Every structure is written in structure tokens, then in C-alpha cells.
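With this note's numbering, the residue at position 15 of the sequence shown is 201, and numbering never jumps.
Virtual Cβ for every residue (Gly too), placed ideally from N, Cα, C.
Since the model is a prediction, treat every value here as computed from it, not as a measurement.
Structure first, then comments.
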Amino acid sequence: MGPHPAVAAIRLAVRRVLHDLLTEHSAEHHRERTSAHRSTETSPEPPRTAPARPQPPLVLVACSGGADSMALASALAFEAPRLGIRAGGVTVDHGLQPGSDTRAAEVVLRLRELGLDPVESATVTVGRDGGPEAAARDARYAALDAAAERLGATAILLGHTRDDQAETVLLGLARGSGIRSLSGMAAVSGAGGRYRRPFLELDRQTARKACMVQSLPVWDDPHNSDPAYTRSRLRHEGLPALEKCLGKGVVEALARTAQLSRDDADALDAWASQAEVTVRDATGLLECAKLYALPPAVRRRILRRAAIEAGAPAGSLFARHIEEVDRLITGWRGQKAINLPGKVVAQRQGGRLVIRQG
């Protein structure tokens, strides 16, 4: 008799990601060997030592102790040894609740009991920039990046589910930030594709059921039910209200919207990258007449990228900022310079758009 369907589902999701990582790891090793071989061909005395066998990749799981990440940790602990992959874990102590250090120590113990090694706890200081949720997220990812660099990890698995994806799409819709916000979380993200999200096609109940049938203890973060947090209100009030009004299937539909939006956004980004070369003059300045001829979605992507390259922080650059810059091209009436985040200034001069530090 095979495993419970919920356990089988989480293991399959993790297995697929690990297979992808192994393929990428093998390809990288092949490139390194090819490069080394070419260098020895030009060397007067090529080394005669046999090429070293590649070390198995290390994959970490980011685990809070909640049902989603504990299910992910259990699946990684089961699948990784069967594929010759080293598996470890990291838990982040945000220090936002009494006893958070004790909770982190318990998670470390549980991960080690699953057979993961190495396992670490990282303590962070959460700032205030962007609000409490954004600040905690920034601190958490900084700690995970540091752990990956220190341990030499190939990837970090994150336990975001289809429900989390639906919430992210709705939050993006509320911000009105465009199609990229509606694309939600990518299955692969971070520098070099470091972060992987195996559970984006699984619902939250599947992860919780997998923990229950495996007798895995889980920790329910009180912040997840605290109405002071926007995502918590959306989870416990907003989505249930939408399902009551529109019927079941809202979460699945929002997740599909995320994927479709991501495909469209990727295509537009690629178009903008190609078009940007054609709208710059010999000195590298953007030509307003050529920008005007582009579709708005492509033109605004070029403007946003130019602002970020000039020093505007991407997280502080909103749609309204880009719309104001766009009016220098589409509604030119001799306007003054536009001030952007990061002390960046955009102004029109002699038919050129100049975006630079003010």
C-alpha cells in the first residue's frame, strides 16, 4: 500500500523540483569540465590529474515550523537521499514574538529528526521600511541568502502554496501595479534561480493533511490570524467572502491568472528589452519620438528600467511614477522635471528623455 494521497502529492512536487536541480547541476559541471579541458589544451604542461567528481548539490528548506514548510521538509528529507542530493534546513527567528527563540530551537530539532543536515537557525532584526510584513520578508530573505552562501547551497525550497499565490494576486490587484503584480510568485526566483516553490500547484489543506497523517507537529503562527496584517485579513475575511459570492474555485482561478499574467509579462519584458536598443541615440539617451511610437506597455517598461538603472529603488517605484514620466513623452506641454524615488530626476531636453540622479 502506497503513501497517503496528500503525502504522495507533496513528494511528487518536491521530486520534480529536485530532478530539475540535478539536471541544472549536471549541465553546470559539464560546462566547467569543458572549460577546464579547453584551458589545458593551450597550457604547455597540462595537468595529468583526473577531474574531480562533482559534489552532490545541497538543497535547503526554509522552515517556520508551520504546516506548509514542515510538509515540504518531510518531502525533501524523503526524496533527496533517493536522488543522491544532500538536504538541509534553515529556520529564521524574527524575534517578533515572545519565545520565538524557543520555537526556532524546536524547529531545528524537528528538522534534524527528519534526517536533514546541516540545519541552522538564523536570528534577524526586522526593520520598519515598507511596513511590518515587507520588513519581515526582507529580513527573512537576507538571512536565507546568507545561509545559502555560507553553506554552499544550490537552492532553497519555499513552502508557498496555491492559496498563498491567490492571496498574492489579490494583493497585487489592490495595489494597481500592473500585470507583473498579478503574476504572483514565480516557481523559480532569486539570484541564479536560488528559490524554488514546489507547492504552488498544491492547496494549503494538502500540506496540512500530509503533516497530520505523518504525525508531524506543526506550529500555527498567531500573526497568520492577526487582523492587524493585511494578508491575514485577506485570508480569513476577503477570500471566504469572494468564495461565498462567486462560488468555489476562486483560489484555483486566481492561481491560473497568476500564470497567465506571468507569461504575458515575460513576453512584454522581452519585447521591451529588444525595443530599448532601437530608441536610444548614439550617446545612449532615449529619443522621445521613437518612444512615442511604441505600445504603452512596452514604452513604460523601458522607462521603468531606465529609472531603476539611474538609481530609483525598484520597490519604491510605483505605476503613478512611471505614468508621470510617460506624460513627458505622450503629453508634452513643457512640464518641469519629474522627481522620482532615490533622488532620481526625469526631464525632457531637446527631444530626448534624460533620467539621472538629481
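**Request:** Kindly indicate which residue of Val374, Glu299, Val530 and Gly251 has the alpha-carbon position closest to the one of alanine 410.
**Result:** Per the sequence shown, residue 410 should be read as asparagine rather than alanine. Nearest C-alpha to asparagine 410: Gly251.
**Message:** Can you give me the C-alpha to C-alpha distance between glutamate 438 and alanine 321, rounded to a whole angstrom?
**Reply:** 29 Å
**Request:** Give the DSSP-derived three-state secondary structure of tyrosine 139 in the structure shown.
**Result:** Residue numbering for the chain in the displayed model covers 187 to 544; residue 139 lies beyond these limits and cannot be assessed.
**Prompt:** aspartate 412 to valine 374, Cα distance in whole Å?
**Reply:** Per the coordinates, the alpha-carbon of aspartate 412 lies some 29 Å from the alpha-carbon of valine 374.
**Message:** Count Cβ pairs between the segment 248-266 and the segment 283-298 that sit closer than 8 Å; are there 3 or more?
**Reply:** yes
**Message:** So for serine 134, helix, strand or coil by DSSP?
**Reply:** No statement about residue 134 is possible, as the shown extent of the chain runs from 187 to 544 and does not include it.
**Prompt:** Does DSSP classify leucine 300 as helix, strand or coil?
**Reply:** Three-state result, leucine 300: coil.
**Prompt:** Can you tell me whether methionine 187 is buried or exposed, with buried defined as 16 or more other CB within 10 angstroms of its CB?
**Reply:** With fewer than 16 other Cβ atoms within 10 Å, it is exposed.
**Message:** Can you give me the C-alpha to C-alpha distance between cysteine 474 and leucine 359, rounded to a whole angstrom?
**Reply:** 30 Å
**Prompt:** What number of angstroms, rounded off, separates the C-alpha of leucine 514 from the C-alpha of alanine 492?
**Reply:** So the alpha carbons of these two residues sit roughly 14 Å apart.
**Message:** Starting from glutamate 306, trace the beta strand (DSSP E) in both directions and tell me its first and last residue.
**Reply:** Run containing glutamate 306: 305-309, per the beta strand (DSSP E) assignment.
**Prompt:** Can you list, in chain order, the stretches of the alpha helix (DSSP H) that have 4 or more residues and sit fully within the segment 331-371?
**Reply:** 348-361 and 365-368
**Asked** How long is the line joining the alpha carbons of aspartate 254 and threonine 347, rounded to whole angstroms?
**Response** 7 Å
**Message:** Mapping the DSSP letters down to three states, classify valine 530 as helix, strand or coil.
**Reply:** strand
**Item:** Contact set for lysine 476: own chain, Cβ-Cβ below 8 Å, skip 5 residues either direction
**Value:** If the five residues before and after lysine 476 are omitted, its C-beta is found closer than 8 Å to the C-beta atoms of Thr464 and Val465, all from its own chain and listed in chain order.
**Asked** Which residue comes first and which comes last in the beta strand (DSSP E) that contains aspartate 412?
**Response** In the DSSP assignment, aspartate 412 falls outside any beta strand (DSSP E) and carries neither an H nor an E.
**Prompt:** Which of helix, strand or coil does DSSP assign to alanine 248?
**Reply:** Reduced to three states, the DSSP call for alanine 248 is strand.
**Asked** Near arginine 326, which residues of its chain fall below 6 Å by C-beta distance, leaving aside the five closest residues on each side in sequence?
**Response** Val278
**Item:** Integer Cβ distance of valine 276 from alanine 333, believed to fall under 8 Å
**Value:** 5 Å
**Asked** Do valine 203 and alanine 427 come within 9 Å of each other at the CB atom, strictly closer than that value?
**Response** The beta carbons of alanine 427 and valine 203 sit no closer together than 9 Å.
**Message:** DSSP has arginine 542 in a bridge; who is on the other side?
**Reply:** The partner list for arginine 542 (beta bridge, DSSP) reads Val531.
**Message:** DSSP three-state label for valine 399, please.
**Reply:** helix
**Request:** Return no unless some Cβ of chain D is closer than 9 Å to the Cβ of isoleucine 488.
**Result:** Going by chain labels, chain D is absent from the structure shown, which holds only one protein chain.
**Prompt:** Who are isoleucine 524's beta bridge partners in DSSP?
**Reply:** Ala532
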